[in-house]
Amino acid sequence: MLIHGAFMEVGGCLCLLPLLFMKNGAFEMERYYYFIVPYLQDNLYLMSIAGLIYGVIRVTGAVGLWKNRMWGLCLSLINCVITMALMIFMLPAGIMDGILAGSALVLILMQYFGDRKIA
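Written out as structure tokens, the structure is:
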């Protein structure tokens, strides 16, 4: 959760900040970032802000997990499930989101439930 939130979400959005201040049009985000949903493609700056919000919430949940807090568990589970549901709309970048969120979800559930049996 911490790696996904800090490096992929927050770090990626912070790398895009200089683009907001470029006035000469030398760098066009649309040329380098592509989403299959046209609405997301047309609003890449808003997508970067949403990614920053997801990243901050993901890091917050990871810190809660690290401190063994139940709110961190709930926040992390909600964040992983939402990411898994929305990753299909953010292809191709959603593939990496799905891999990281899915693996974090499996690890969180394995740690929480341990060796418990169903019956």
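Sequence positions in the sequence shown follow this note's numbering and run 7 to 125.
Just so you know, even glycine gets a beta-carbon here, dropped at the ideal spot from N, CA and C.
What is the rounded straight-line gap between the Cα of residue i and the Cα of residue j?
i, j, result
"F119", "R75", "15 Å"
"E15", "L115", "22 Å"
"N124", "Q117", "For the sequence presented, residue 124 should be read as Ile rather than Asn. Near 16 Å, if we compare the C-alpha coordinates of Q117 and I124."
"L83", "L111", "7 Å"
"L113", "A91", "18 Å"
"A107", "K73", "20 Å"
"G104", "L97", "10 Å"
"P24", "R122", "49 Å"
"L58", "G17", "8 Å"
"Q47", "I9", "25 Å"
"L79", "F95", "25 Å"
Should residue i be labelled buried (16 or more other beta-carbon atoms within 10 Å of its own) or exposed?
i, result
"V43", "exposed"
"Y45", "exposed"
"L20", "exposed"
"G11", "buried"
"C86", "buried"
"F41", "buried"
"M7", "buried"
"M93", "buried"
Contact between the region 61–78 and the region 43–53: three or more CB pairs below 8 Å?
no
Note down, one range per segment and in chain order, each alpha helix (DSSP H) of at least 4 residues found wholly within the region 73–97.
76–92
What residue ranges within the region 42–73 form continuous alpha helix (DSSP H) runs of no fewer than 4 residues, ordered along the chain?
44–48, 50–72
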